[in-house]
Amino acid sequence: MTGTNDSVFLSAAIHFIRVIRHTGVYVGPGASIAALRALELVGVARREDVRSALRACLAQRREQHELFDRAFDVFWSGALRAGASPAFDDATAQQQAQHNPLAPRIAQALLREGYGQQQRDAREIEQKQYLASFSADEALRHKDFDKMTRAELLAAERALARLQLPLPALQSRRWRTRRHGQRIDWRGTLRACMRTGGDAIALARKARARRRAPVVALCDISGSMERYTRVFLHFLHALGAQGWRVHVFLFGTRLTNISRQLAHRDIDAALRDIAQRVGDWAGGTRIGASLHEFNQHWSRRVLGQNASVLLMTDGLDRGDSTLLAHEMHRLQQSCRALLWLNPLLRYAGFEAKASGIRAMLPYARMMPVHDLSSISQLVDALNTGNGSKAWK
Numbered sequence: 001m002t003g004t005n006d007s008v009f010l011s012a013a014i015h016f017i018r019v020i021r022h023t024g025v026y027v028g029p030g031a032s033i034a035a036l037r038a039l040e041l042v043g044v045a046r047r048e049d050v051r052s053a054l055r056a057c058l059a060q061r062r063e064q065h066e067l068f069d070r071a072f073d074v075f076w077s078g079a080l081r082a083g084a085s086p087a088f089d090d091a092t093a094q095q096q097a098q099h100n101p102l103a104p105r106i107a108q109a110l111l112r113e114g115y116g117q118q119q120r121d122a123r124e125i126e127q128k129q130y131l132a133s134f135s136a137d138e139a140l141r142h143k144d145f146d147k148m149t150r151a152e153l154l155a156a157e158r159a160l161a162r163l164q165l166p167l168p169a170l171q172s173r174r175w176r177t178r179r180h181g182q183r184i185d186w187r188g189t190l191r192a193c194m195r196t197g198g199d200a201i202a203l204a205r206k207a208r209a210r211r212r213a214p215v216v217a218l219c220d221i222s223g224s225m226e227r228y229t230r231v232f233l234h235f236l237h238a239l240g241a242q243g244w245r246v247h248v249f250l251f252g253t254r255l256t257n258i259s260r261q262l263a264h265r266d267i268d269a270a271l272r273d274i275a276q277r278v279g280d281w282a283g284g285t286r287i288g289a290s291l292h293e294f295n296q297h298w299s300r301r302v303l304g305q306n307a308s309v310l311l312m313t314d315g316l317d318r319g320d321s322t323l324l325a326h327e328m329h330r331l332q333q334s335c336r337a338l339l340w341l342n343p344l345l346r347y348a349g350f351e352a353k354a355s356g357i358r359a360m361l362p363y364a365r366m367m368p369v370h371d372l373s374s375i376s377q378l379v380d381a382l383n384t385g386n387g388s389k390a391w392k
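By the count of the working numbering, the sequence shown reaches residue 392 at its end, each step adding exactly one.
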């Protein structure tokens, strides 16, 4: 591409790549460069050639195609206006939101890419309105995290931070002094007797101690799971902030322990530390190899004291299914309960056809985790799942 018009088109293409990134689709530097090179090869004479070239580089997952196509149509309808960035006002966003749930997400991405003060003010007002009305907005509880705008995600994350988690404490083998305990505490009775010189004897009693069982989370951060895992980390942070022992591991192409980083009081600071520590965000996934590393190096350290395991992944693993089944069996035998959180269950026609899903399914109970309502169901499952048999 050469000439002034081509330079304008190239500038618009760069803006469009930023818009796609703002919608929540991961677009790395390599994909951005590949998209610009693809435009040089196909040219700009035919609109559909440009669409196909950019979609092949920027929206590699099938479920991202609808979002890409709508953003493409909206963006390029006004992208080449002289001296103007793509136009997409709040009225247009509200009108299109009635026909497609992806419209607000695209609108906010375009507003974020606009540089006018009026657009920035509109975006801030929109965020404040979502935060103020979230508690009364029942529809947001059932909205897929992958279809939320940035303002809606912010509201959902705030709701998770305020979530009360009355998870039950388990009965321990240890005994503690209790006024109305089931057994007489002879040692405590003798100690009390010595303090009074033996003049009066009051029988001390003891009962079984109760403690909170650890929760171990293994979260997939591959390209298809990255958005869901980011939101789920807010839930795990809230769990730890309320006094529960939480161990969190992220895995894509390797396993990373982020328990210490997530224990930070400020969730935003915790996520910044995690981003610096984890180098395989939104990449590939090796579920079997990651579970093998966990079972080999971490299982005995964190799965004691009747720990429950939350395995968050879509099960789309291209590795050895025999290894995956073996490691799932080892993990099941090492914990009190194993719950598999799979966002693919949001589809009504979901079937366990992938080899990785079939290998994992016999060893865990599968639940959805794609919206706030499903996380509420997860809390209910943790409350009722007092034994591994209750979860399977």
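Note that the Cβ used here is the ideal one computed from N, Cα and C, for glycine as well. Please read these numbers as outputs of a predicted model, since none were measured by experiment.
Beta-bridge pairing of residue i - partner residues as DSSP gives them
| i | result |
| --- | --- |
| H297 | According to DSSP, H297 bridges with nothing at all. |
| T256 | L250 |
| S222 | G283 |
| V216 | H247, V309 |
| M148 | Its beta-bridge partners do not exist; DSSP assigns none. |
| R365 | L339 |
| I375 | Beta-bridge pairing links I375 to no other residue. |
| I184 | R205 |
| T393 | The question about residue 393 has no answer here: the residues shown for the chain are numbered 1 through 392. |
Pairwise C-alpha distance: residue j and residue i
| i | j | result |
| --- | --- | --- |
| E48 | F72 | 11 Å |
| F350 | L344 | 7 Å |
| H329 | A348 | 28 Å |
| R195 | V246 | 42 Å |
| Q398 | D185 | Here the chain covers residues 1 to 392 and nothing more, so residue 398 does not appear. |
| G401 | C335 | For residue 401 there is no data in the structure shown, the boundaries of the chain being 1 and 392. |
| L163 | N383 | 14 Å |
| H264 | S376 | 24 Å |
| S32 | L41 | 15 Å |
| I258 | R191 | 45 Å |
| Q182 | D146 | 51 Å |
| K143 | V231 | 13 Å |
| D273 | L310 | 22 Å |
| A381 | F235 | 15 Å |
| A59 | F68 | 7 Å |
| S299 | F75 | 49 Å |
| T229 | K206 | 43 Å |
| R277 | T177 | 44 Å |
| A289 | V19 | 35 Å |
| A159 | V379 | 14 Å |
| R11 | R55 | For clarity, residue 11 is Ser in the given sequence; the question names Arg instead. Approximately 18 Å, taken between the alpha carbons. |
| L203 | T189 | 5 Å |
| S374 | R260 | 27 Å |
| R70 | V50 | 14 Å |
| T313 | R187 | 50 Å |
| Q98 | R61 | The predicted model places Q98 with a pLDDT of 46, which falls under 50 and marks its position as unreliable, so this point remains unresolved. |
| D371 | R150 | 14 Å |
| H326 | L36 | 44 Å |
CA nearest to the CA of residue i, picked from the options
| i | options | result |
| --- | --- | --- |
| R254 | R265, L271, G283, T189 | G283 |
| W340 | R318, S321, V369 | V369 |
| G315 | F294, M367, R37 | M367 |
| L291 | T322, A269, A161, N306 | T322 |
| R212 | L203, I267, A35, G243 | G243 |
| M360 | R346, L338, E66 | L338 |
beta-carbon residue i near the ligand GTP non-hydrogen atom, thresh 7 Å
| i | result |
| --- | --- |
| A307 | With respect to the ligand GTP, the structure offers nothing, as it holds no ligand at all. |
Can you check the stretch 287-352 for any alpha helix (DSSP H) of at least 4 residues that lies completely inside it and give the ranges in chain order?
Runs of the alpha helix (DSSP H) inside the stretch 287-352: 287-297, 299-302, 321-334.
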